[in-house]
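Everything below concerns the one structure shown next.
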Amino acid sequence: MTEPTPALRRVIGVRGLAAAIFNITIGAAIFVLPAHMAAGLGPAAPLAYLVCAVATALVALCIAEAGSRVPQSGGPYAYVGSAFGPYAGFLCGVLLWLGITLAMGAVATVFADAALGLAPGLGGALPRAVLLIVVYGALAVVNIRGASLGSQVSGIATVAKVVPLVAFVALGLSHVRAENLALGSFPSLSRLGESGLLLMFAFFGMESALQVSGEVRDGARAVPRAIALAVTGVGALYIAVQLVAQGILGSALAAPETAKAPLAAAAVQFAGQTGATLILIAMIVSTFGFMTATMLATPRTLFAFAVDGYLPRPLARVHPAHRTPHVAIAVQGVIVCAIAITGTYVKLAVMANVAILLVYLACCLAIPRLRRLDAGGGAADKPFVMPGGRVVPWVAAGLIVALLVRATGEAWLLTGGVMAAASLGFLWRRRLSRLQPSGPAGHPTS
């Protein structure tokens with residue numbers, strides 16, 4: 288009989304949890320999405336932000352409750368596995384890896400565009416590919432040499448990405464022209480759904496912060512308050528950036544030549560080339576921070592799958608000197624680099640959204656099941672129960688489904704193919720475990 292998992296110390300307050308959600312959610316998307324939102328919705332773009340903020344808050348409540356009921360490492364795939372079994376949990380883990388890997392590729396395209404934007408003479412497909420190969424090659428080498436070194440490289444201050452956005456809003460507000468924000472006809476639900484699917488990419492990440500729900504003081508009160516603070520803060524910043532950029536540039540915000548760096552194009556209007564350069568530097572800092580952090584963590588998923596027998600054994604090799612999963616790191620770097628070189632930001636973001644939204648959907652559907660199983664009910668600290676708990680999971684699931692139906696066939700084909708391959712791997716691994724001879728105590732022999 289295994290010993291029960293020791294209770295976690297509850298030391299995180301409302302402000303600490305809200306700051307963590309805010310920090311993880313604000314990333315690279317805000318630097319490029321205003322142009323795409325303007326192209327799809329025009330002055331009605333803030334409506335899509337509101338829809339996504341509501342959907343994010345509802346999903347966050349579901350993940351928070353699941354995290355308090357299943358306080359295990361692994362995050363969403365541990366919650367789903369506890370509710371629906373190991374196969375569902377495994378698929379959830381695969382989808383998380385797929386979503387993060389596609390997001391890495393999408394963010395890398397933003398990084399390359401911003402970096403080459405500082406040197407316009409180096410534009411073009413070849414310099415972009417060379418830059419991505421060099422950067423991801425360097426990140427792979429850094430992480431192979433040691434996790435601590437990789438962690439130091441990824442420790443880029445949050446202030447470096449938030450301060451330029453706040454300054455952009457504060458300095459640009461007086462240059463907004465009201466006629467550029469005049470709302471004509473409302474967009475159709477179809478266009479709103481398509482734009483919302485892309486925009487959800489900007490709201491991803493809060494599930495990582497909410498994995499510490501079991502360490503929050505007075506979780507029943509603190510978690511919903513932290514979610515409200517963080518989602519309100521993130522939504523307000525996103526909407527403010529959209530309004531300022533659109534108020535300054537008007538219809539020019541949706542122009543193709545503006546799409547790669549819309550905030551830089553807007554900053555030129557009130558801060559000259561210096562302002563545009565500062566925005567580009569902020570884009571580089573924010574995206575590089577994401578790239579370094581994900582290159583540190585994501586290859587460990589490939590390594591874990593290989594250790595468990597779901598992927599080829601070479602991915603489970605450990606470097607003899609540095610004691611890092613060097614093969615998994617190298618393979619992850621090659622995959623992401625190839626995705627970034629051959630893909631576009633919008634295409635990769637939508638594909639990542641499908642994978643992550645399926646994980647979110649599974650987490651929402653897991654809540655009723657975890658309640659029926661009374662997961663976490665016997666612990667000394669009672670699990671967090673979300674307000675409106677009977678309704679919220681189903682409303683959140685409905686919003687997710689409404690967004691998923693707008694996904695492209697290409698995104699569904701990729702996601703379905705990966706899930707099919709993962710399912711075959713799971714069945715093969717289970718078959719091997721059944722065929723493997725057992726030792727005297729009933730354990731498989733090595």
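Going by our numbering, the sequence shown opens with residue 288, and the numbers climb by one from there. No residue lacks a Cβ here, since even glycine has one placed at the ideal position from N, Cα and C.
Assigned exposure category for residue i - 16 Cβ within 10 Å defines buried
i: ALA325; result: buried
i: GLN560; result: exposed
i: ASP400; result: buried
i: ALA462; result: The question names Ala, but residue 462 in the sequence shown is His. It is exposed - the Cβ of HIS462 has fewer than 16 other Cβ atoms within 10 Å.
i: THR611; result: buried
i: THR629; result: exposed
i: GLU697; result: exposed
i: SER472; result: exposed
i: TRP384; result: buried
i: GLU544; result: exposed
i: LEU711; result: exposed
i: GLU466; result: exposed
i: GLY411; result: exposed
i: LYS669; result: exposed
i: SER573; result: buried
Test item: CB-CB of residue i and residue j under 8 Å
i: ALA593; j: PRO599; result: yes
i: VAL740; j: SER369; result: This structure leaves residue 740 out entirely; the chain is present only between 288 and 733.
i: GLN533; j: LEU468; result: yes
i: VAL456; j: VAL531; result: yes
i: ALA580; j: LEU458; result: no
i: PRO333; j: ILE526; result: yes
i: GLY300; j: ALA509; result: yes
i: LEU540; j: ILE566; result: no
i: MET578; j: ALA395; result: yes
i: PHE253; j: THR312; result: This structure leaves residue 253 out entirely; the chain is present only between 288 and 733.
i: GLY537; j: ARG478; result: no
i: LEU476; j: ALA331; result: no
i: LEU714; j: PRO474; result: no
i: ILE571; j: PHE398; result: yes
i: THR737; j: LEU405; result: Since the first residue shown for the chain is 288 and the last is 733, residue 737 is missing from the structure and cannot be characterised.
i: CYS349; j: CYS651; result: yes
i: ALA734; j: ILE514; result: In the structure displayed, the chain extends from 288 to 733; residue 734 sits before or after that span and is not available.
As assigned by DSSP and simplified to three states, the class of residue i
i: ILE313; result: coil
i: VAL463; result: coil
i: GLY386; result: helix
i: LYS669; result: coil
i: ALA331; result: helix
i: SER475; result: coil
i: TYR525; result: helix
i: ARG693; result: coil
i: ILE443; result: For ILE443, the pLDDT reaches just 47, beneath the cut-off of 50, and the residue's location in the model is therefore unreliable, although a value from the coordinates is still provided. Of the three classes helix, strand and coil, the one that applies to ILE443 here is coil, per DSSP.
i: PHE318; result: helix
i: ASP595; result: coil
i: PRO674; result: coil
i: LEU436; result: At LEU436 the pLDDT is 48, less than 50, meaning the model places this residue with poor confidence; the figure from the coordinates comes in the next sentence. In this structure, LEU436 counts as helix in the three-state DSSP scheme.
i: LEU468; result: helix
i: GLY492; result: coil
i: ARG504; result: coil
i: LEU378; result: helix
i: LEU405; result: coil
i: ALA662; result: coil
i: VAL357; result: coil
i: GLY300; result: coil
i: LEU714; result: helix
i: ALA625; result: helix
i: ALA307; result: helix
i: ALA347; result: helix
i: ALA615; result: helix
i: ALA546; result: coil
Host alpha helix (DSSP H) of residue i (start-end)
i: GLY368; result: 363 to 371
i: SER538; result: Here SER538 belongs to no alpha helix (DSSP H), and DSSP marks it neither H nor E.
i: ARG656; result: 632 to 659
i: PRO607; result: Looking at the DSSP string, PRO607 is not in any alpha helix (DSSP H), and its letter there is neither H nor E.
i: GLY557; result: Note on residue identity: the sequence assigns Phe, not Gly, to residue 557. PHE557 -> alpha helix (DSSP H) spans 549 to 584.
i: ARG600; result: Where ARG600 is concerned, there is no enclosing alpha helix (DSSP H), given that its DSSP letter is neither H nor E.
i: GLY424; result: 412 to 432
Proximity test, Cβ basis, 8 Å: residue i and chain C
i: GLU544; result: Checking the listed chains, one finds no chain C in this structure; it contains a single protein chain.
Residue i: CB within 7 Å of a non-hydrogen atom of the ligand SAM
i: GLY404; result: As for the ligand SAM, it is missing from this structure, which has no ligand bound.
>> Tell me whether the segment 644 to 655 and the segment 688 to 698 touch, counting them as touching only if at least three CB pairs, one residue from each stretch, are closer than 8 Å.
In response: Judged by Cβ distances under 8 Å, the segment 644 to 655 makes contact with the segment 688 to 698, as three or more pairs qualify.
> Quick one: any contact between the segment 412 to 426 and the segment 676 to 686, if contact means 3 or more CB pairs under 8 Å?
Replying inline: no
>> Assess contact between the segment 624 to 635 and the segment 381 to 396, defined as three or more Cβ pairs (one per stretch) separated by less than 8 Å. Is contact present?
In response: yes
> Are at least three pairs of beta-carbons, each pair with one atom in the segment 312 to 330 and one in the segment 479 to 486, less than 8 Å apart?
Replying inline: The answer is yes - the segment 479 to 486 touches the segment 312 to 330, with three or more Cβ pairs under 8 Å.
> Between the segment 333 to 346 and the segment 512 to 530, do at least 3 Cβ pairs fall closer than 8 Å?
Replying inline: yes
> Quick check: the segment 345 to 357 against the segment 567 to 587, are there 3 or more CB pairs under 8 Å?
Replying inline: no
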